[in-house]
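Protein chains in written order, with our numbering: chain E, 336 to 936; chain D, 208 to 544.
All C-beta atoms, glycine included, are put in the ideal place defined by N, C-alpha and C.
Read the structure below first, then the notes.
Below is the structure:
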């Protein structure tokens, strides 16, 4: 009885009764979210845009008049010169001009009439369409990197498994997305929505992304430490454990065995333990490799990669230890775990990869080492604190929610630092974008890093939570970040390194198709869910019956399914490209004759 | 001293300690504090069946679409009478078993309605069974999956006495000679859903929602029934809104609209009261309406009927407790004759 009274008192103290008093900012005039205001902003933007165009047009015509004045002046001078000439001189000039106009090139000025022979084997491709309108011809990756056979093998194994889980995970995601449009697609318990949704998220998280990051990380850690990997055997063991995690986890989730709900923590602990052991092995392997480096400085990529591993091990321990999390305690940990899973593992590791692969793709150093270090420490400070922003207005302590919101705003620092660093590294190489098929992937990844993270910070505010929380907007946001940032950057890294490892490049039309399908698919996905999510939130605020928000979402769910299909097809193309790059069949070394026959009509 | 660039041991140690410290501040300590709550004085414990139902709820992944948190903002007022507090989650505190942690119930997506108070809004077992067997049998526009594996299709002759048979509308019914029987899991899940009711705070203490739009505060809170000491608006919300919706528009294909309805606006409320008491199955395009004679008192039915007849543009006369009593007696007489 007394205990109950104390606990009740505690719960009242924790429950932010006093917090409500501070909660004034949500006032009745939540004007900014009303469609009218949003629309007004768009209109103002359009007006500004039109005004800018008009201004530019005016400026242009003014510059033109100045130019024509010059022309007139020159013309007058010319006329005067002409009048001063003798008649014989004029005939001479006209005659010369007539001859010049009659002159035609023979087509053999630069060569000869003989057949073209490439005796030294320098030409390996001839094209008559230098400006292919569909997918522009890109530069070939020039050199093969001398890589130990074992390292090559381990990287390819990790990346191969990652590709498999990407295709599997997004197939499930695609299927789940279609269920919104056709809820009666099947009635098999193992395929029901509630069970497949975590199968999708966990397969792409722990399967595709983690394996891809670790695989790409092995190459970075060996190259930047200028040494060999500490233990290839350990790397294989971790590979087995992580794959086993996703396999067993998928089966158990489909069978209805999950860790009590909670996003990205659905695998039960015995399954996730395998993953954690895999991480510990990987960390140890990376750490020892860095420890035996043959250069004194630790390259900034390794900061991020080592930290991502150690942070995620801690995250696992806190997320799965039972002592301090029952009931709502579990919810506090849930917010922490789900958000730091994204921030400390996927984002941190991927940033580490960009710091190596972006400069290496551009063949120049990273813009600023110091900005990288600043972003590193601020990433740790701000990202760690913001998990509870998934529970704004919930019964969790108000101070915890406020902390999360304030630190979410702080995320601007690492994000701006990182984005600036990457864009400044690309600066001066913009022209390469049209010549390379790696850079567009990087550029999209970096732009989404800025846009997605900034949007995440804005979404944390109480006001935006009011409109968007619990709507499909969150689903759009997580795809914008996990897909737009992480997947695009990982693809860029794949296409940077694999051709150099195997000496084989996929057909460019397929890389182009992969890029555009993924990009446009993501756009359709994101825009439809953001718009639909906003309307859904406004419908709830208006106090409409819940079912009306379901009805209004239907067209947006169709668009989501269409976008998702494009994304899925792009993954199939990507899988083919991967297969092409690593299959042991050597490319047909182009013999001189067939290539040159095209040039000899 | 802080030579992170060259000293890998120091770098990793600093990153590790920094993260652990921050994690304790933001996660471990608050979590430890939060798990120490007690139930409210009137909060009923989960029965064994209800607890099993909670496990079914988690196994099926219901949390992917349904939240159980009434936030302290006005728009959540439709999901409960007060914002959720930590004590509300007391009975989900236990670990499910050695392999699985205590269930996560707050949720993150409202693809479907919040379930905090579903046991009060929709108390009928039949409705829940229909809804689980195929949600579109009661809510035409629903995108919720069906859960046919919680049911068994058996030969009508082999239905035992204690089996719960689901009476499906024609479009969803099993072939003749067969019956749909709820499995134990279905009954447990429904028991759990029925148990989901917000417990009132002691001493009539009320927790306020953070106000937002005026609209919600006034809508459905009419004081038409107040004269009889009962709030017809809130009774309507609890008993009728799940099907006929808060705005009285109903759902096309499932539940008829009350706004502008001839029956509701009829000067003589007799048919309307009969329908509430006995249920209704005269129109094939709509779902069968359950009978409320056993669930609602005469005064409550009068308050609800009055509310329905004076809201959403309806303007028919008030219904009194005596009107309802007369019709109830009449029906009961008819039944005994």
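Same chain, Cβ closer than 6 Å to residue i, neighbours up to 5 away in sequence not counted
i	result
residue 551 of chain E	688 and 828
residue 634 of chain E	559
residue 566 of chain E	620
residue 555 of chain E	636 and 691
residue 267 of chain D	none
residue 503 of chain D	none
residue 227 of chain D	none
residue 483 of chain D	499 and 508
Whole-angstrom C-beta distance between residue j and residue i, which should lie under 8 Å
i	j	result
residue 523 of chain E	residue 910 of chain E	With 8 Å as the limit, residue 523 of chain E and residue 910 of chain E do not qualify as a contact, their Cβ atoms being about 26 Å apart.
residue 516 of chain D	residue 472 of chain D	7 Å
residue 595 of chain E	residue 238 of chain D	15 Å between Cβ atoms; not a contact.
residue 452 of chain D	residue 334 of chain D	The Cβ separation is near 15 Å, so there is no contact.
residue 512 of chain D	residue 480 of chain D	6 Å
residue 406 of chain D	residue 253 of chain D	Contact doesn't hold; Cβ gap of about 13 Å is too wide.
residue 260 of chain D	residue 398 of chain D	5 Å
Span of the alpha helix (DSSP H), counted from its first residue to its last, around residue i
i	result
residue 389 of chain D	It is not in any alpha helix (DSSP H) - residue 389 of chain D instead sits in the beta strand (DSSP E) that spans 385-389.
residue 371 of chain D	Careful: residue 371 of chain D lies outside any alpha helix (DSSP H) and carries neither H nor E.
residue 259 of chain D	255-266
residue 421 of chain E	Premise fails: residue 421 of chain E is in no alpha helix (DSSP H) and is neither H nor E.
residue 890 of chain E	881-917
residue 209 of chain D	Looking at the DSSP string, residue 209 of chain D is not in any alpha helix (DSSP H), and its letter there is neither H nor E.
residue 514 of chain E	484-516
residue 669 of chain E	663-675
residue 333 of chain D	332-340
residue 227 of chain D	215-230
residue 717 of chain E	704-719
residue 317 of chain D	Run containing residue 317 of chain D: none; DSSP gives neither H nor E here.
residue 747 of chain E	747-761
Bridge partners - residue i, DSSP secondary structure assignment
i	result
residue 358 of chain D	D:389
residue 417 of chain D	D:280
residue 351 of chain D	According to DSSP, which records beta bridges pairwise, residue 351 of chain D is partnered with nothing at all.
residue 487 of chain D	D:496
Own chain, CB closer than 7 Å to residue i, minus 5 neighbours either side, in chain order
i	result
residue 647 of chain E	614, 679 and 680
residue 421 of chain D	Because residue 421 of chain D sits at a pLDDT of 43, beneath the cut-off of 50, its placement in the model cannot be relied upon, and the point is left open.
residue 539 of chain D	none
residue 513 of chain E	520 and 896
residue 887 of chain E	870, 871 and 874
residue 520 of chain D	466 and 467
Under 7 Å by beta carbon: chain E residues contacting residue i
i	result
residue 282 of chain D	875 and 876
residue 269 of chain D	529
residue 296 of chain D	662 and 663
residue 358 of chain D	In chain order: nothing, as chain E lies at least about 10 Å away.
residue 219 of chain D	622, 641 and 645
Cβ-heavy atom distance, residue i to the ligand SAH, below 7 Å
i	result
residue 528 of chain E	Ligands displayed in this structure: none; no statement on the ligand SAH is therefore possible.
Partner residues on chain D for residue i, Cβ-Cβ distance less than 7 Å
i	result
residue 990 of chain E	The structure shown has nothing for residue 990 of chain E, since chain E only spans 336 to 936.
residue 669 of chain E	311
residue 893 of chain E	By Cβ distance, chain D contributes nothing, its closest Cβ being about 12 Å from residue 893 of chain E, past 7 Å.
Residue i: contacting residues in chain E (beta-carbon distance under 9 Å)
i	result
residue 302 of chain D	595, 657 and 661
residue 258 of chain D	In chain order: nothing, as chain E lies at least about 13 Å away.
residue 538 of chain D	Result: empty, since nearest Cβ-Cβ is about 31 Å, beyond 9 Å.
residue 331 of chain D	Near residue 331 of chain D there are no residues of chain E at all, since even the closest Cβ is about 18 Å away, more than 9 Å.
Own chain partners of residue i with C-beta closer than 8 Å, once the 5 adjacent residues on each side are dropped
i	result
residue 315 of chain D	274
residue 772 of chain E	473, 830, 843, 846, 847 and 850
residue 356 of chain E	With a pLDDT of only 34 at residue 356 of chain E, under 50, the local geometry of the prediction cannot be trusted, and the value read off the model is given with reservation. So no residue of the chain qualifies.
Chain-ordered chain D contacts of residue i [CB-CB under 8 Å]
i	result
residue 533 of chain E	268 and 271
residue 729 of chain E	276, 278, 291 and 313
residue 886 of chain E	348
residue 897 of chain E	Result: empty, since nearest Cβ-Cβ is about 17 Å, beyond 8 Å.
residue 738 of chain E	233
residue 605 of chain E	306
Proximal chain E residues relative to residue i, where beta-carbon distance stays under 8 Å
i	result
residue 352 of chain D	514, 518, 522, 527, 528 and 529
residue 241 of chain D	349, 662, 663, 664, 666, 667, 731 and 732
residue 481 of chain D	By Cβ distance, chain E contributes nothing, its closest Cβ being about 26 Å from residue 481 of chain D, past 8 Å.
Neighbouring residues, chain D, relative to residue i (Cβ below 9 Å)
i	result
residue 331 of chain E	Residue 331 of chain E is absent from the model: chain E starts at 336 and stops at 936.
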